[in-house]
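S.K.:
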Amino acid sequence: MDWGTGLLGFAAGLLISVVTAPVGVSGAVFLLPVQVSVLGVPSPAVTPTNLLYNVVAGPGALLRHHRNGGLRGPLTRLLVLGTVPGVVVGAVIRVFAVPGPSVFRLLIAVLLLPLGGWLCLRTLHRAARTRAPGPEPSPRSITRLALAVGVAGGIYGIGGGSLLGPILVGRGMPVAKVAPAALAATFVTSVVGAGTYALLALTVTGDIAPYWTLGLACGLGGLCGGYLGAHLQPRLPETALRLLLGVLALGIGGLYAVQILG
2 MDWGTGLLGF AAGLLISVVT APVGVSGAVF LLPVQVSVLG VPSPAVTPTN
52 LLYNVVAGPG ALLRHHRNGG LRGPLTRLLV LGTVPGVVVG AVIRVFAVPG
102 PSVFRLLIAV LLLPLGGWLC LRTLHRAART RAPGPEPSPR SITRLALAVG
152 VAGGIYGIGG GSLLGPILVG RGMPVAKVAP AALAATFVTS VVGAGTYALL
202 ALTVTGDIAP YWTLGLACGL GGLCGGYLGA HLQPRLPETA LRLLLGVLAL
252 GIGGLYAVQI LG
């Protein structure tokens, strides 16, 4: 990796995490297509590289949330309990079942298009009407959801926070409660996922191990941006941030859908 690529990766991690950290998303879900299309990381090595980004970037926002007391409570434990075994299963599936780029692009489109639509529709609906939030999901349903998201995160290399956040908030949980827990689960899950890929790289051939230098460069940018984003959370308009995330997800998912059809 040359200096230009490293600086580009740092800048991408910084800018993305500043926007996504306030709503509990590490930014890996948006960094991944940058790694594939701009930085040239091949599949499936892009997945563990993205998990490495989460490992390095995560402590920035978590440190800020810890100082504010946002990591207390049972939600963090429930999410970690589900996502950790899920990411191991997802990593195995990613290496042995869906290594091809076409299938990988399809997974990106299938995950991001519904996620983007969900974010936009929920945000516009809440802005247009004012109503009491519904009942929060039970601990058992939260753990089951976290398990399913962990599997998807292990395949996609996103840690799972970008899926857990909008789903839990849509079920009636406040962003201030969900965001720290989702980021904490993303961090722990990414540590386990990156380790799993490193072990799998010893047993199979191909680009499975992470691109360590690039992952560290992107992660350092995310470390700085995540801390700043978590610091700015109380000062930023939530509606605008959710719409921005939804539009980005729809745009990236649509791009890969066009590539599949083209």
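Going by my numbering, the residue at position 26 of the sequence shown is 27; the numbering climbs one at a time, nothing skipped.
Here a beta-carbon is modelled for each residue, glycine too, at the ideal position from N, C-alpha and C.
Everything numeric in this text was worked out from a predicted model, so none of it was measured.
#1: Let me know if proline 167 comes out buried or exposed under the rule of 16 or more other beta-carbons within 10 Å of its beta-carbon.
#2: Using a Cβ-Cβ cutoff of less than 7 Å, which residues in the same chain neighbour threonine 190 once the five nearest sequence positions on both sides are dropped?
#3: Residues in the same chain with beta-carbon distance under 7 Å from valine 47, minus the five sequence neighbours each way, listed in chain order, please.
#4: DSSP on alanine 218, reduced to helix/strand/coil?
#5: Assign tyrosine 54 to one of three DSSP states: helix, strand, or coil.
#6: Quick one: what does DSSP say arginine 145 is sitting in, helix, strand or coil?
#7: Pairing CB atoms from the segment 11 to 21 with CB atoms from the segment 171 to 181, are three or more of them under 8 Å?
#8: Looking at the ligand ADP, does it come within less than 7 Å of glycine 10, judged from the CB to the closest heavy atom?
#9: Count the other CB atoms within 10 Å of the CB of threonine 240; is the residue buried (16 or more) or exposed (fewer)?
#10: Going by beta carbon distance, what residues of the same chain come within less than 7 Å of valine 90, once the five residues before and after it are set aside?
#11: Going by alpha carbons, who is nearest to alanine 149 out of Leu112, Val179, Thr214?
#12: Which residue's Cα is closest to the Cα of valine 20: Val81, Gly230, Ile253, Leu116?
#13: Looking at the unbroken alpha helix (DSSP H) that takes in serine 38, where does it start and where does it end?
#14: Where glycine 70 and serine 103 are concerned, what is the direct C-alpha to C-alpha distance, given to the nearest angstrom?
#15: I'd like to know if the segment 209 to 220 and the segment 50 to 63 are in contact, where contact means that at least 3 CB-CB pairs between them fall below 8 Å.
M.R.: Result, derived from the coordinates:
#1: So proline 167 ends up on the buried side.
#2: Excluding positions up to five away in sequence, the list reads Thr84, Val85, Val88, Gly151, Gly154, Gly160, Gly161.
#3: So the list reads Leu33, Gln36, Val37, Gly158, once near-sequence residues are dropped.
#4: Of the three classes helix, strand and coil, the one that applies to alanine 218 here is helix, per DSSP.
#5: Here tyrosine 54 sits in helix by DSSP.
#6: Here arginine 145 sits in helix by DSSP.
#7: By the C-beta criterion, the segment 11 to 21 is judged not to be in contact with the segment 171 to 181, since fewer than 3 inter-stretch pairs fall below 8 Å.
#8: The ligand ADP is absent from the structure shown, which contains no ligands of any kind.
#9: Counting Cβ neighbours within 10 Å, threonine 240 comes out exposed, since fewer than 16 surround it.
#10: Residues Val152, Gly155 of the same chain have their beta carbon placed closer than 7 Å to that of valine 90, with the five preceding and five following residues left out of the count.
#11: Proximity to alanine 149 across Leu112, Val179, Thr214 peaks at Leu112, based on C-alpha coordinates.
#12: Comparing Cα positions, the closest option is Gly230.
#13: First-last of the alpha helix (DSSP H) with serine 38: 29 to 38.
#14: Using only the alpha carbons, I get a separation of about 43 Å.
#15: Under the Cβ criterion (8 Å, minimum of three pairs), the segment 209 to 220 counts as touching the segment 50 to 63.
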